[in-house]
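Residue numbers (my numbering): 19 to 93. Report on the structure given below.
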């Protein structure tokens, strides 16, 4: 059975945290400024969190794919 490697989840402000790109930075900073707290912005907030989740999955997939050739070469 393959060993599952746990990765630490970092949040903005955590040492080592890096934004995916400028758009992600703007989305997170706008959330931190409170732009998502009003009831009329709830749909936008849902879209925001969906986008962050998708980008996180894309990033993890890229990291996984980048590690795989290195593991294959080591075998």
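Glycine is no exception: its CB is placed at the ideal position from the N, C-alpha and C atoms. Keep in mind the model is a prediction, meaning the values are calculated, not measured.
Residue i to residue j, Cα distance in whole Å?
i: residue 19; j: residue 74; result: Residue confidence for residue 19 is low, a pLDDT of 46 falling below 50, so the modelled location carries little weight and cannot support an answer.
i: residue 40; j: residue 56; result: 24 Å
i: residue 34; j: residue 61; result: 31 Å
i: residue 94; j: residue 31; result: Since the first residue shown for the chain is 19 and the last is 93, residue 94 is missing from the structure and cannot be characterised.
i: residue 43; j: residue 36; result: 9 Å
Would you say residue i reaches chain C, if we count a Cβ-Cβ gap shorter than 8 Å as a contact?
i: residue 77; result: Absent here is chain C; the protein component of the structure consists of one chain.
I'd like to know whether the C-beta atoms of residue i and residue j end up nearer to each other than 8 Å.
i: residue 38; j: residue 80; result: no
i: residue 45; j: residue 27; result: no
So residue i and residue j are in contact, right, with Cβ under 8 Å, and what is the actual spacing, rounded?
i: residue 50; j: residue 59; result: That pair is no contact at about 14 Å.
Kindly list the residues whose CB is nearer than 6 Å to the CB of residue i, restricted to its own chain and excluding five residues on each side of it in sequence; keep chain order.
i: residue 29; result: none
Does the stretch 80-87 touch the stretch 57-69, meaning 3 or more C-beta pairs lie closer than 8 Å?
no
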